[in-house]
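Structure first, then comments.
Protein chains: 2
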Amino acid sequence: MSAAKTAITPTRHEDFPEWYQQVIKAADLAENSETRGCMVIKPWGYGIWELIQKQLDVRFKETGHQNAYFPLLIPLSYLEKEAEHAEGFATECAVVTHHRLEAVKDPVTGKTKMIPSGELAEPYVIRPTSETIIGAAFARWVQSYRDLPLLINQWANVMRWEMRPRLFLRTAEFLWQEGHTAHENKEEAIVETEMIHRLYEAFARDHLAIPVVPGEKTENERFPGADMTLTIEAMVQDKKAIQAGTSHYLGQNFSKAQNISFTSREGEKEFAHTTSWGVSTRLIGTLIMAHSDDDGLVLPPRVATQQVVIIPVTPKDDSKEAVLAACDALAEKLRKKTSYHGDAIRVHVDKRDVSGKKWEWVKKGAPIRVEIGPRDIESRKVCVQRRDRGANEKDFMDKEEFLQTVPNLLQDIHDTLLARAQEFRDANITACTSLEEFHSHWANDNPGWLATPWAGSPEEEDELSKKHKITIRCMPIKDAGLPKDLLSAATGACFLTGKQSSPVAIWGRSY
Amino acid sequence: MSAAKTAITPTRHEDFPEWYQQVIKAADLAENSETRGCMVIKPWGYGIWELIQKQLDVRFKETGHQNAYFPLLIPLSYLEKEAEHAEGFATECAVVTHHRLEAVKDPVTGKTKMIPSGELAEPYVIRPTSETIIGAAFARWVQSYRDLPLLINQWANVMRWEMRPRLFLRTAEFLWQEGHTAHENKEEAIVETEMIHRLYEAFARDHLAIPVVPGEKTENERFPGADMTLTIEAMVQDKKAIQAGTSHYLGQNFSKAQNISFTSREGEKEFAHTTSWGVSTRLIGTLIMAHSDDDGLVLPPRVATQQVVIIPVTPKDDSKEAVLAACDALAEKLRKKTSYHGDAIRVHVDKRDVSGKKWEWVKKGAPIRVEIGPRDIESRKVCVQRRDRGANEKDFMDKEEFLQTVPNLLQDIHDTLLARAQEFRDANITACTSLEEFHSHWANDNPGWLATPWAGSPEEEDELSKKHKITIRCMPIKDAGLPKDLLSAATGACFLTGKQSSPVAIWGRSY
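Order-wise, the sequence lines are chains P and U.
Using this note's numbering, read the first sequence as starting at 492 and increasing by one per residue.
Using this note's numbering, read the second sequence as starting at 492 and increasing by one per residue.
In structure tokens, the structure reads:
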């Protein structure tokens, strides 16, 4: 059987990691830079991030959060305050030790070279996350229970010196938002942590068409310094997991280390209960791996910089002007329409005089492509192609009909991507209640996830994880949206310890 | 004569720099952090930046630019490539030399301490500006004239180790946008540089109500590595100048250093002509110093997070509910109205149960305050106060009339601030054609600017600058908007060299 020619080589099936790199390259999303592990996010990739930012920001503000900005550099002494936290990030911190450069002449070559100069008395760390520096500000701002809750978000770059960087998924520098909140008591802090967790889940589903599994991390997998870490876990097309967003209840660990204290309603001095939560440019890597195909990127409509791309077909010079005018007229009408998600439809007319435009937009993942040629002007038809269908499937539609149905078409593309991803996910999570099956499962190629009843200790979890290069992705929350039959098959006696009525754990390989 | 009590101590007249700090504190805009020279931008201050970002971003996109993102860290070897550029920033670079931390036990105290570890073979510099790292990407992206013009913008944080930091105006880390473009030839690059220069001027005038003077920097004051630097210069209330935004034509200096070359229309290898341009959180410092008064911050309406603040007056419990409902109803109606600048009006109802709310909003600079009390409900009146007028000036308006006039009121506040700033500026620029007058002028307190005919050499400029702690702020462009009589009085023979028909230079002290 000869394979159909695809726009991306290799295919997902042939070599998934290399396919991922090639999709990014073909869609012109990002590239590696000469700064170790750091990427350049190109306009088509950054446009996705801008939309994610804008849409999430609205949700954060609706839920009472305000944006602020805190220093990039953290004094080393701040990081040391919370021991577990410091230890967790110690091996991946970029450290600033000098504050100027000095020109020196190389005695051998005679060339002038710049060397670090002006050593700092106390080095700084480039924020890997900002709990410590934001906590120091909170300690100043919070005096009384009247100052609580304090609900702050920051859009920023952070840096973690990753040993094996991969574009979007794991880069030394990445862009993210980090929410930081302080509350009077544990209950309110937990409500916040869970509210954001569900907000992230809904965002992944409704904006990125990714059916994540919401759950709690085990102690082994928690954020360094947290009492509870909630996560949304996405399954991508090689059946690996991606941790796509986390929400942490930090207890009083940071508030005690940094003295975020307040006078309570009863007049007592108390320490605040804090939370932190974040999503990053990793979401872009996740959506690429979740939806794209062997012809390139497939963008969920809501985060597509251009939702409809109109390509004029101009075989003859004498009809060119009329075709371009028809394309512009259609674009103008489309821009006045509201999409299913309430924003204006984003339309681009690609008038460049180059060949291969159609395939360029296939590879860039534009949700809808429209071609208009000389004959279509008379017939008032347009040729419509959907990115969620085969690259050569066409639908000739009456122009007016197309205008009317575009919002629904976009919605339908979103729904199709979501349903497809959900079907794939559910087909690739297997319930497992026996240790023997558990061990043998991971010998498969692309083994998918296991759902098991689990009551083992952190040490037992660690042993199994190391043996099979897996982790517990999460303990799904009650209303996680997993198939009922899967959950009931995965509940019962722990497959390792035999303990009755154990909760369900999801195991998998991950990025 | 006893002075009226003001909300800010000291007043502008008593101590301008300290007044500035106190305005920032009273409005809760920002504060110093323990990271040397770095500030925390608090929500009320960050909100201004968000609006500046959003509004500028629309203008950049309208003029064909796309956003992208480049690494925070610049390899030292990149910076070295353009010698003048490297030298210009060498004394203020934060340098990353290590990529991990190691825990060591202090032999004396027995305590565990973190020390830098994992020394890098090549250190990195935290970007003070990104010409070099973006240039390296441009060198990869540009191959043919068809790839030009390349029009890129980045929203980012940058770092310059300032010796005398001052909130917003001069901080070690600041937020900005930096545009970077590459063109086929000098003409197109100059058109871009000038277009952005006028865009900045219009933005300062129409969004920030600041009547800047657009002009060209002299060679002494150019950006390191530029062939031409255009600037917008603002005069603030102590008559000093603030460089509020610059636009540089970089010639082929960076393209030659970094090999941004392309095959021209004629098939020849040529080096691109590049530009760069930026504005930063410094704009916030500028607008504070330009408009605020002895009662605190005065916000130009377009960048006010809340344009109308409604304060319920609830002296009695039995009418409280009705007053709050009336406030909410008014807010809802206002939110449906469009302001003079095309956006929805931003309204806040301050329902907090604390005293002193009115003065809080005076100090925070909300353009319009509205009070509604029990009696106003029956009379259908509202008590309206404008921030550009005295804090106790009131206008009782019919509620319907108020609703109708709010857009005009906001426009009028903007126009008033702009006219006031322009009148102040024009009254404080003096034409000067004699060397004697020039020398004596700078002995005055808060001397204001001088406009002179100037044809001196860079060395002569440097000597005068050092002697009086002044600089040439700019050589105003033709259509700079300065008073005609000032310009004609300041044209003629150079006050130093006597050279005839010399162009006008603006001299001043600056931040």
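Virtual Cβ for every residue (Gly too), placed ideally from N, Cα, C.
| field | Stretch pair the segment 754-762 of chain P + the segment 715-733 of chain P: three plus CB contacts closer than 8 Å | value | no
| request: Determine the DSSP secondary structure at Trp940(P), reduced to helix, strand or coil. | output: strand
| Are the beta-carbon atoms belonging to Val853(P) and Ala498(P) less than 8 Å from one another? | With respect to Ala498(P), Val853(P) sits close: the two C-beta atoms are nearer than 8 Å.
| message | Quick check: the Cα distance between Ile701(P) and Ala971(U), rounded to an integer number of angstroms? | response | 53 Å
| said: For the pair the segment 897-906 of chain P and the segment 945-953 of chain P, tell me if three or more CB-CB distances fall below 8 Å. | reply: no
| message | Short of 7 Å in beta carbon distance, which residues of its chain neighbour Pro619(P), apart from the five on each side in sequence? Order them along the chain. | response | Phe580, Glu583, Cys584, Val649, Met650, Arg651
| query | Considering only residues of the same chain and omitting the five flanking positions on each side of Met530(U), which have a CB-CB separation below 7 Å? | reply | Ala521, Glu522, Asn523, Ser524, Leu658, Thr662
| message | With a threshold of 8 Å between beta carbons, is Tyr831(U) in contact with chain P? | response | Contact with chain P is absent for Tyr831(U), since none of that chain's Cβ atoms lies less than 8 Å from the residue's Cβ.
| request: Give a yes or no on whether 8 Å exceeds the smallest Cβ distance from Gln544(U) to chain P. | output: Taking 8 Å as the CB threshold, Gln544(U) stays off the interface with chain P.
| field | Residues within the segment 614-634 of chain U neighbouring chain P, beta-carbon criterion of under 8 Å | value | Pro614, Tyr615, Val616, Ile617, Ile624, Ala627, Ala628, Arg631
| Counting Cβ pairs, one atom from each stretch, are 3 or more of them under 8 Å apart for the segment 922-941 of chain P and the segment 993-1000 of chain P? | Between the segment 922-941 of chain P and the segment 993-1000 of chain P, the count of Cβ pairs shorter than 8 Å is three or higher; the stretches touch.
| message | Quick check on the DSSP output: the beta strand (DSSP E) that includes Arg877(U) runs from which residue to which? | response | 872-877
| message | Just to make sure I have the definition right: I need the residues of chain P whose C-beta is within less than 7 Å of the C-beta of Tyr537(U). Which are they? | response | Asn558, Ala559, Tyr560, listed in chain order.
| Applying a beta-carbon distance threshold of less than 8 Å, which residues of chain P neighbour Glu664(U)? | Pro562, Leu563, Leu564
| Among residues of its own chain, excluding the 5 on either side of Arg860(P), which ones have a beta-carbon nearer than 7 Å to its beta-carbon? | Taking Arg860(P) as the centre and dropping the five residues before and after it, the same chain places the C-beta of Val800, Ile802, Lys849, Trp852, Gln876 closer than 7 Å to its C-beta, in chain order.
| So which of Val587(P), Val703(P), His739(P) has the shortest CA-CA distance to Asp718(P)? | His739(P)
| query | Just reading off the alpha helix (DSSP H) that Trp540(P) is part of, what are its end residues? | reply | 534-553
| query | Which residues, taken in chain order from the segment 582-600 of chain U, show a beta carbon closer than 8 Å to some beta carbon of chain P? | reply | Thr582, Glu583, Cys584, Ala585, Val586, Val587, Thr588, His589, His590, Arg591, Leu592, Glu593, Ala594
| query | List, in order along the chain, the chain P residues whose C-beta lies closer than 8 Å to that of Ser524(U)? | reply | Phe561, Pro562, Ile624, Ala627, Ala628
| said: Just to confirm before moving on: does the CB-CB distance between Thr709(U) and Glu954(U) stay below 8 Å? | reply: no
| request: Would you be able to state if there are at least three C-beta pairs under 8 Å between the segment 609-617 of chain P and the segment 629-646 of chain P? | output: No, the segment 629-646 of chain P is not in contact with the segment 609-617 of chain P.
| Are there three or more Cβ pairs, one per stretch, closer than 8 Å when the segment 787-797 of chain P is compared with the segment 530-546 of chain P? | yes
| message | Between the alpha carbons of Lys824(U) and Met888(P), how many angstroms are there, rounded? | response | 42 Å
| request: Assuming Lys855(P) and Ala518(P) form a contact by the criterion Cβ under 8 Å, report the distance between their Cβ atoms to the nearest whole angstrom. | output: 5 Å
| query | Between the C-alpha atoms of Glu685(U) and Gln546(P), what's the straight-line distance to the nearest angstrom? | reply | 34 Å
| query | Taking 7 Å as the cut-off, does the CB of Phe893(U) come closer than this to any heavy atom belonging to the ligand SAM? | reply | For the ligand SAM, the structure offers nothing, since it holds no ligand at all.
| said: Can you check which of these residues, Gln645(P), Arg591(P), Asp697(P), is closest to Ile625(P) by C-alpha distance? | reply: Gln645(P)
| query | Helix, strand or coil: which one does DSSP assign to Trp852(P)? | reply | helix
| query | Going along the chain, which residues of its own chain have a beta-carbon closer than 8 Å to the beta-carbon of Arg550(P), five neighbours each way excluded? | reply | Leu690, Phe694
| task | Within the same chain, show all residues whose beta-carbon is closer than 6 Å to that of Arg837(P), passing over the 5 residues directly before and after it, in chain order. | result | Gln797, Gln798
| request: Determine contact between the segment 923-940 of chain U and the segment 662-678 of chain U, defined as no fewer than three beta-carbon pairs at a distance below 8 Å. | output: Result no; under three Cβ-Cβ pairs closer than 8 Å.
| request: Give the range of the alpha helix (DSSP H) segment to which Tyr691(P) is assigned. | output: 677-699
| Any beta strand (DSSP E) of 3 or more consecutive residues that is wholly inside the segment 617-659 of chain P | 641-650
| field | 8 Å Cβ cutoff, Asn648(U) in contact with chain P | value | yes
| task | Tell me whether Lys760(U) sits in a helix, a strand or coil according to DSSP, three-state version. | result | strand
| query | With a CB to CB cut of under 6 Å and the five nearest residues on each side skipped, what residues in its chain are close to Pro792(P)? | reply | Gln798, Pro858, Leu901, Ile904, His905
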